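**Student:** Okay, handing you the structure first.
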Amino acid sequence: MYPCFPILFMERECVVRRMERADVDFAVGLAREEGWNPGVHDAEAFYAQDPEGFFVAEVGGEPVACSSMVRYDNEFAFWGLLIVRPEYRGLGYGLAVTEAAFAHAGGRTIGADGVVAMQPKYRDRFGFVLHYRNIRFRGMGRGEMPGGLVPLSGVPFEEVVAYDADVFRAPRPQFLAPWLAQEGATALAALGPDRRLQGYGVVRPCFEGYKIGPLFADTPAIAETLLDGLAASVPDAAYFFDVPEPNPAALALVHERGMEQVFETARIYLGQAPAVPLDRVFGVTTFELG
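Numbering (my numbering), first residue to last: 10 to 299.
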């Protein structure tokens, strides 16, 4: 248990505790209500990466706020899912779950994707530094499956984990196993002449349409093929694609397809930012876990 520290306007006793697996469904439900459009099966993969990294604030046994701090290794953690139910905002419950989350991070660098309205608070209150924007685009699934792609399930899992860690800059096998296997998702790979992985992407069902993420690739041409393959796998359905602004080739892909910008966040870090090769990141995995 993490007892809440005294807050001036808090009228009832608050208790912060670690979530059980079923509690993560509550957090994802709040994200849905906020219009973040999480994946239908996100909770399973989120919890698998760090079962101790999810926190809920309760008042009288009723959940009122949540936050997560997922630890990837001894150097890096990612903060997300900070949501307070509307009728409990401004009373300190968000700060209470944030304190518990930050304690879980220890001395690790903390990454997050902050919505526009909260960015000044993250900077001024916590000391986060803005590094770049991630921009969400909306497109429609269409087209034929391009040649040269194979199901990612045909690539040895340890190779996928190694490739992913080289781009993400932290190992996340516990997350990737359920993320790649979730119901309704399609995961595609691009292989070189030597059969080595040169890029991969995933499209998964969300409460509205689908989301593509991650999409990692060694070159813009490979990324384009993967994007077209993932779009072809969800014909006539809306899909969303979160692009890091510092990757001009990724922006070119969405502009060439006439995709509509619908949302944005700021990638922020507290501590030394990991040296992510953004020229290989064409689609962010998820705003909640990085």
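Ideal Cβ positions, reconstructed from N, Cα and C, are used throughout, including at glycine. Computed from a prediction, not measured in an experiment: that's the story for all the values here.
1) For a quick check, are the C-beta atoms of A66 and V25 less than 8 Å apart?
2) Decide if S77 is buried, meaning its Cβ has at least 16 other Cβ atoms within 10 Å, or exposed.
3) Under the DSSP definition of a beta bridge, which residues are partnered with V164?
4) Express the C-alpha separation of F137 and R181 in angstroms, rounding to a whole number.
5) Decide if R242 is buried, meaning its Cβ has at least 16 other Cβ atoms within 10 Å, or exposed.
6) For the region 150-199, list the beta strand (DSSP E) runs that are entirely contained and at least 3 residues long, ordered along the chain.
7) If you reduce the DSSP assignment to three classes, tell me which class G208 lands in.
8) What separation, rounded to the nearest whole angstrom, lies between the Cα atoms of L298 and R205?
9) Between the C-alpha atoms of G115 and T107, what's the straight-line distance to the nearest angstrom?
10) Pop quiz: V211 and L236 are said to be a contact at Cβ under 8 Å. What is the actual Cβ separation, rounded to whole angstroms?
11) Please classify V93: is it buried, with 16 or more other beta-carbons within 10 angstroms of its beta-carbon, or exposed?
12) Can you grab the Cα-Cα spacing for the pair A199 / F291, in whole Å?
13) At which residues does the beta strand (DSSP E) containing R27 begin and terminate?
14) Do the CB positions of D175 and Q207 come within less than 8 Å of each other?
15) Checking 8 Å against the spacing of the C-beta atoms, do E42 and I144 come in under that value?
16) Using beta-carbon positions only, say whether Y172 and Y219 come within less than 8 Å of one another.
**Tutor:** On the basis of the coordinates in this document:
1) Yes, the Cβ-Cβ distance between A66 and V25 is below 8 Å.
2) buried
3) In the DSSP output, where bridge partners are listed per residue, V164 has none listed.
4) 23 Å
5) One point to set straight first is that residue 242 is Ser, not Arg, in the sequence displayed. So S242 ends up on the buried side.
6) 158-160
7) Shown here, G208 sits in a strand according to DSSP, grouped into three states.
8) 27 Å
9) Their backbone Cα atoms lie some 13 Å apart in a straight line.
10) Not confirmed; about 12 Å, so no contact.
11) buried
12) 14 Å
13) C23 to R27
14) no
15) no
16) no
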